[in-house]
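Input: a single structure, listed below in structure tokens.
In my numbering, the protein residues as written are 44 to 197.
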């Protein structure tokens, strides 16, 4: 599937198997194709774009590449981690701690800690008071999943 052309169909076949077409070569379509192949089907992936992978791909700017979409895998993403394992790619993951930030026109502001949230100039005291319970609940939920956000490093 390297260097695909736009509008091309990719056939992945097994003799005597059920023929299945998957529309879209993004992560959902490619995952469906993978599991259909495992089930013994003949699979054709139909992708209109010049590159399979959907938002999990990149823009090529010549001297550098830029992700089409922010890629983050959490330690709690069990279905995705299972898929990565089944693809034999677990050893390719490099876990790093991530931080969260916000840009409000005046500059970038860290939003990685409670102190960052309290100091954030983009919200009034009342707005912070109203949002704080949800931030606390999300933090507690994250804490049940190893307590750390993780980012897939390249």
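Beta carbons are placed, not taken as given, at the ideal position from N, Cα and C, and that holds for glycine.
Query                                                                                                                                                     : Result
Quick one: what's residue 153 bridged to in DSSP?                                                                                                         : 144
Applying the 10 Å Cβ sphere with the 16-neighbour rule, what's the burial state of residue 199?                                                           : Because the chain spans 44 through 197 in this model, residue 199 falls outside it and cannot be assessed.
Cα separation between residue 103 and residue 109?                                                                                                        : 7 angstroms
Leaving out five residues before and five after residue 123 in sequence, what residues of the same chain have Cβ atoms less than 8 angstroms from its Cβ? : 116
Does the separation of the CB atoms of residue 111 and residue 98 fall below 7 angstroms?                                                                 : yes
In or out: residue 130 buried (at least 16 other Cβ within 10 Å) or exposed?                                                                              : exposed
What is the DSSP secondary structure of residue 88, counted as helix, strand or coil?                                                                     : strand
Using alpha carbons as the reference points, say which of 90, 70 and 81 lies closest to residue 64.                                                       : 90
In terms of residues, what are the limits of the beta strand (DSSP E) holding residue 64?                                                                 : 62 to 66
Can you say whether residue 132 is buried or exposed, counting buried as having 16 or more other CB atoms within 10 angstroms of its CB?                  : exposed
What first and last residue would you give for the beta strand (DSSP E) that runs through residue 108?                                                    : 108 to 110
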